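In this note's numbering, the protein residues as written are 29 to 139. Beta carbons are placed, not taken as given, at the ideal position from N, Cα and C, and that holds for glycine. Being a predicted model, the structure only gives us computed values, none of them experimental. Please read the structure below before turning to the comments.
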Amino acid sequence: MKPIRYEKTQSTLLIPAKFLDIFIEKTEGIPRGIYFHFLLKKYKSLALDGLLPKPDKIKTEYQEKGQFLVKKNFRPFNSDWIELGILADWLGYSRTAIFSWFLILDLAGWD
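Here's what the structure looks like:
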């Protein structure tokens, strides 16, 4: 069987500046894609169970303005990126908004 040529591709997340130092600390020594995988697996069921607030609008809700978002590139597994996209569509949020929620839950030590 021929291996998948592109199992991971470059993607970008927008991290609120106030969480940037902690995000860098959390990903020190491990690939960002692995941390992304961990957050997705740990918190997606909470998101599906209604932990995230309902969006105020019908269209996709993005992160709040004024957070001074910083672009961070990483290489997630394509399957994780697709899964986050489906979750984002279902919940009505952008991928980066959901990732920010997951990051906040992790920083707060939510189990």
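Since residue 89 contacts residue 57 with CB under 8 Å, what's their CB separation in whole angstroms?
Contact between residue 89 and residue 57 fails: their C-beta atoms lie close to 33 Å from each other, not under 8 Å.
Short check: CB of residue 108 to CB of residue 64, under 8 Å?
It is a contact, given that the beta carbons lie within the stated cut-off.
Suppose you measure from the CA of residue 53 to the CA of residue 60; what does that come to, to the nearest Å?
11 Å
In this structure, how does DSSP classify residue 127 when only helix, strand and coil are distinguished?
helix
Can you tell me which of the three DSSP states residue 96 falls into?
coil
Please identify the residue among 126, 103, 115, 125 whose C-alpha is closest to the C-alpha of residue 37.
103
7 Å CB neighbourhood of residue 105 in its chain, flanking five on each side removed:
35, 36, 61, 65
Among 99, 39, 75, 122, nearest to residue 45 - alpha-carbon criterion:
Taking only the C-alpha atoms, the option nearest residue 45 is 99.
Taking buried to mean at least 16 other C-beta atoms within 10 Å of its own C-beta, is residue 39 buried or exposed?
buried
Please classify residue 129: is it buried, with 16 or more other beta-carbons within 10 angstroms of its beta-carbon, or exposed?
Per the 10 Å Cβ criterion, buried.
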